[in-house]
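Quick note, in the UniProt record's numbering, the sequence shown goes up one by one and the last residue is 533.
No residue lacks a Cβ here, since even glycine has one placed at the ideal position from N, Cα and C.
A quick write-up on the structure given underneath.
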Amino acid sequence: MRELPQKEANLFKQILKCYENKQYKKGFKGAEQILKKFPEHGETLALKGLFFNHMDKKDEAYEFVKKGLRHDLKSHICWHVFGLLYRSDKNYEEAMKCYKNALNIDKASTMDFLFDFINWENLQIMRDYSLLQIHMRHYEAFVDTRHQLLELRPQNRQFWIGLAIGYHMLGKPDLGIKVLTAYEETLKDVPSKPDYEHSEMLLYHNTMLEETGDIQGALEHLDSIESHVSDRKALMEKRAKFLIALGRSDDAEEAYRALIQHNPDNFAYIEGLTKSMGLANGEGAKALSAENESKLLTMFTELQDQYPRSNAAKRLPLRYATGESFVKTADEYLRSMLRKGVPSLFVNIKTLYANKEKEAAVETLVLGYLAALEKSKGFDNSGSVVEPPTALLWTLYFLAQHYDFKRQSEKALGLIDRAIEHTPTLVELYMTKGRILKHAGNYVEAMDSLNEARELDLQDRFINSKCVKYMIRADKMSEAEKTAVMFARADIADPLNDLVEMQATWFSLECGESNIRQGQIGRALKRFHQVEK
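In structure tokens form, the structure reads like this:
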């Protein structure tokens, strides 16, 4: 291929910079200028095709890139561009072949392999190639490519970390540790102030040490890097976790109390504190002695006094309390949540239903609230405290979900209808009614209820997606497709294909199941192949 004159060669370099800076129109004009004088310059033709691709002109893109390759089959740039084009179309196997060709051609173009690969263009090909390798889960090949990159640019931190990640993904964290240790030893000046990227690398090193099972080594490493770590919360969490694993209970308790002070609503911190105090082992109330249960509830009371706004300190005692202690604790918690109007209360509580005694106690309490609210507008019949009008609404909502969970659909429907009559503009009520009808096997009415919820809030993508799912389950495919595209991209020819591009597998799976119910086996196979692909 004939070399470009100096003026056009400089313009070609500018075109490459335009592509890097996403100035596609400017780059396209530059390519046109060169092609007026040199219409058969392969690399410029290929780049013009790449610019066409970013202007959503796929046919022209492939035409010009292939034309560029025909005129310059031994250009690594042409093959690299062809790989980028395939990658943009998610054809990763073909893209990898193109990158491999680009590297082989460039390797053969000089006797001095290493010298040739030092230039930026070749490094970029190798980086793109390695990204595709890890994307396709070719971990061994990824490690080989990253080794080459590291040999060429040993001063680049990203290449060291990339190689360590490769070994980690291969299931060899010990080799990843050696790579990062070697890199840390090459650093002449460790940052005096916490540097975020350096900090994250050190924490990653520590994570791999933990995965090898050397907890004591991981704790010692954590102490050594403390002054260089920016993420103080991660540091505190790791230290507390390691201390628990090493059986250093007193130190672990102190560490978890510091974390709770930092965030009193984190369930994991409070559970860590209970473990460090030897009061719970994560197996729930059945494994607790009466003495330990009493100590635990005392600890939770202290935490509630110390952090009165902490929901975790109020909710966790329900997991461990039994008998009268549970009824008293649940009564206080349920009243508080119903008074505030917390829609997610039942979802929060239903994990307790694994214990039938607790399920019965919750049902008795909330039925009592409903009777009292209807009679005296309070949670008890004393009449001393008048609750807000919404308390009745949320009590009905809770009981509807409670009976739906027990699959007592008639009771659940009666209660949710009363709640809708009370507040007919609340979206959650129609969604819950749809769920109750679905559990009762009435998919068409469930769909209608979800559609009412959708129409109350047309800007909510979640409700729209739920409505689509219910439409498909009612085998109303045309209605489902019309509703689904409301939130799809408007600038593409097939909006439904946008759901596949976004890997919204639920849509393809639900459509496939619907096709099977309707006896459309071919269409079902097509949908399931989309997910598999």
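For R87 and chain B, any beta-carbon pair shorter than 7 Å? In the structure shown, chain B does not exist; there is a single protein chain.
Counting along the chain, where does the alpha helix (DSSP H) carrying A391 start and finish? Indexing the sequence shown from 1 puts residue 391 at position 391. Unbroken alpha helix (DSSP H) run through A391: T390 to F405.
What are the start and end residues of the alpha helix (DSSP H) that includes R339? Indexing the sequence shown from 1 puts residue 339 at position 339. Its alpha helix (DSSP H) spans residues G323 to K340.
How close, in whole Å, do the beta carbons of L84 and F64 come, if the pair is a contact with beta carbons under 8 Å? What you label residue 84 is simply residue 84 of the sequence shown in a count that begins at 1. What you label residue 64 is simply residue 64 of the sequence shown in a count that begins at 1. Their Cβ separation, rounded to whole angstroms, is 13 Å, which puts L84 and F64 out of contact at 8 Å.
In chain order, what are the residue ranges of uninterrupted alpha helix (DSSP H) at least 4 long that sit wholly in the segment 427 to 484? Taking only runs of at least 4 residues, the alpha helix (DSSP H) segments lying wholly in the segment 427 to 484 are 427 to 439, 443 to 456, 461 to 473 and 477 to 484.
Can you list, in chain order, the residues of its chain with a C-beta nearer than 8 Å to that of A372? Leave out the 5 residues immediately preceding and following it. As a working note, residue 372 is residue 372 in the sequence shown. G378, F379, D380 and N381.
Answer yes or no: do Q133 and A141 have a C-beta to C-beta separation smaller than 7 Å? Position 133 of the sequence shown, counted from the first residue, corresponds to residue 133. Position 141 of the sequence shown, counted from the first residue, corresponds to residue 141. Yes; because the gap between Cβ atoms is below 7 Å, this pair is in contact.
Taking the alpha-carbon positions, what's the M486 to R153 distance? By 1-based counting over the sequence shown, the position of residue 486 is 486. By 1-based counting over the sequence shown, the position of residue 153 is 153. Spanning the alpha carbons of M486 and R153 requires a straight line of approximately 49 Å.
Cβ contact check for the segment 345 to 362 and the segment 388 to 402: 3 or more pairs under 8 Å: Counting C-beta pairs with one atom in each stretch, the segment 345 to 362 and the segment 388 to 402 have three or more that are closer than 8 Å, which means they touch.
So, with DSSP's three-state summary, where would you put F38? Position 38 of the sequence shown, counted from the first residue, corresponds to residue 38. Three-state result, F38: coil.
In angstroms with no decimal places, state the Cα-to-Cα distance between residue 536 and L50. Any answer about residue 536 is impossible in this case: the structure gives the chain only from 1 up to 533.
For the segment 249 to 291, list the alpha helix (DSSP H) runs that are entirely contained and at least 4 residues long, ordered along the chain. Scanning the segment 249 to 291 for uninterrupted alpha helix (DSSP H) segments of 4 residues or longer gives 249 to 262 and 267 to 276, listed from N- to C-terminal end.
Starting from the C-beta of W120, find all residues in its chain whose C-beta is less than 8 Å away, skip the five residues before and the five after it, and write them out in chain order. Indexing the sequence shown from 1 puts residue 120 at position 120. Residue placement at W120 is poorly supported in this model, since its pLDDT is 49, which falls under 50; the coordinates still yield a value, given next. Correct list: empty, nothing qualifies.
Cα-Cα separation, K17 to G30: For the purposes of this step, residue 17 is taken as the residue at position 17 of the sequence shown. For the purposes of this step, residue 30 is taken as the residue at position 30 of the sequence shown. The straight-line gap from Cα to Cα measures roughly 11 Å.
According to the Cβ coordinates, are E211 and P264 closer than 7 Å? Sequence index remark: in the sequence shown, residue 211 carries index 211 (1-based). Sequence index remark: in the sequence shown, residue 264 carries index 264 (1-based). No, the Cβ-Cβ distance between E211 and P264 is not below 7 Å.
Quick check: the Cα distance between A312 and M96, rounded to an integer number of angstroms? Within the sequence shown, residue 312 is the residue found at index 312, counting from 1. Within the sequence shown, residue 96 is the residue found at index 96, counting from 1. Taking the straight line joining both Cα atoms gives about 50 Å.
Which whole-angstrom value is the C-beta distance of A330 and L318, which I expect to be below 8 Å? Within the sequence shown, numbered from 1, the residue matching residue 330 stands at position 330. Within the sequence shown, numbered from 1, the residue matching residue 318 stands at position 318. The beta-carbon separation of A330 and L318, rounded to 6 Å, stays under the 8 Å limit for a contact.
Hey, would you say R454 sits closer than 7 Å to I463, going by beta carbons? Reading the sequence shown from its first residue, position 454 is the one you call residue 454. Reading the sequence shown from its first residue, position 463 is the one you call residue 463. Against a cut-off of 7 Å, the Cβ pair of I463 and R454 comes out as a contact.
Since A504 and L496 are thought to touch, with beta carbons under 8 Å apart, how far apart are those beta carbons, to the nearest angstrom? What you label residue 504 is simply residue 504 of the sequence shown in a count that begins at 1. What you label residue 496 is simply residue 496 of the sequence shown in a count that begins at 1. L496 and A504 do not touch by the CB rule: their CB atoms are close to 10 Å apart, not below 8 Å.
Beta-carbon proximity list for C78, same chain, < 7 Å, skipping 5 on both sides: Within the sequence shown, numbered from 1, the residue matching residue 78 stands at position 78. Within the same chain, C78 has close Cβ partners G42, E43, A46, G68, L69 and D72.
First through last residue of the alpha helix (DSSP H) which encompasses A361: Walking along the sequence shown from the start, residue 361 turns up at place 361. Annotation: the continuous alpha helix (DSSP H) that includes A361 extends over K356 to S376.
Give, in chain order, every unbroken run of the alpha helix (DSSP H) that is at least 4 residues long and sits entirely within the segment 129 to 165. Assignment of alpha helix (DSSP H) within the segment 129 to 165, counting only whole runs of 4 or more residues, yields 139 to 152 in chain order.
Cβ atoms of L243 and D251: under 7 Å apart, would you say? Here residue 251 refers to the residue found at position 251 when the sequence shown is read from its first residue. Here residue 243 refers to the residue found at position 243 when the sequence shown is read from its first residue. With respect to L243, D251 sits close: the two C-beta atoms are nearer than 7 Å.
Buried or exposed, going by whether 16 or more other CB atoms sit within 10 Å of the CB of A354? Counting from 1 along the sequence shown, the entry for residue 354 is found at position 354. With fewer than 16 Cβ atoms within 10 Å of its Cβ, A354 is classed as exposed.
State buried or exposed for S227, treating a residue as buried only when at least 16 other CB atoms are found within 10 Å of its CB. Residue mapping note: residue 227 aligns to position 227 of the sequence shown, counting from 1. Exposed, since its Cβ has fewer than 16 Cβ neighbours within 10 Å.
Can you round the beta-carbon distance between V500 and Q530 to whole angstroms, since I take them to be within the 8 Å contact cut? Taking the first residue of the sequence shown as 1, we reach residue 500 at position 500. Taking the first residue of the sequence shown as 1, we reach residue 530 at position 530. Right, the Cβ-Cβ distance comes to about 5 Å (below 8 Å), so this counts as a contact.
With C-beta atoms as the reference, is G166 less than 7 Å away from V143? For the purposes of this step, residue 166 is taken as the residue at position 166 of the sequence shown. For the purposes of this step, residue 143 is taken as the residue at position 143 of the sequence shown. Yes. Within cutoff.
Of the choices V468, Y183, M136 and H138, whose alpha-carbon is the least far from that of E151? For the purposes of this step, residue 151 is identified with residue 151 of the sequence shown, where counting begins at 1. Selected option, being the one with the closest Cα: Y183.
Would I219 be called buried (16 or more neighbouring beta carbons within 10 Å of its own) or exposed? Residue mapping note: residue 219 aligns to position 219 of the sequence shown, counting from 1. Sequence check: residue 219 is Leu here, not Ile. Its Cβ being crowded by 16 or more others within 10 Å, L219 is buried.
Take T395 and list the residues in its own chain whose beta-carbon comes closer than 7 Å to its own, dropping the five residues that flank it on each side. One-based indexing of the sequence shown puts residue 395 at position 395. Correct list, in chain order: L338, V366, Y369, L370 and L373.
C-alpha distance - K62 paired with L509, whole-angstrom precision: Locating residue 62 in the sequence shown gives position 62, where the first residue counts as 1. Locating residue 509 in the sequence shown gives position 509, where the first residue counts as 1. Rather than Lys, the amino acid found at residue 62 in this sequence is Tyr. The alpha-carbon atoms of Y62 and L509 are separated by roughly 33 Å.
Could you check what DSSP says for S344 in three-state terms: helix, strand or coil? Position 344 of the sequence shown, counted from the first residue, corresponds to residue 344. Taken through DSSP and simplified to helix, strand or coil, S344 comes out as coil.
Do I416 and K438 come within 7 Å of each other at the CB atom, strictly closer than that value? Taking the first residue of the sequence shown as position 1, residue 438 is located at position 438. Taking the first residue of the sequence shown as position 1, residue 416 is located at position 416. No. Outside cutoff.
Flag this pair as yes or no: are the beta carbons of M277 and E253 separated by less than 7 Å? Here residue 277 refers to the residue found at position 277 when the sequence shown is read from its first residue. Here residue 253 refers to the residue found at position 253 when the sequence shown is read from its first residue. Less than 7 Å divides the Cβ of M277 from the Cβ of E253.
Going by other Cβ atoms of all chains shown within 10 Å of its Cβ, with 16 needed for buried, is Y99 buried or exposed? For the purposes of this step, residue 99 is taken as residue 99 along the sequence shown, with counting starting at 1. With 16 or more Cβ atoms within 10 Å of its Cβ, Y99 is classed as buried.
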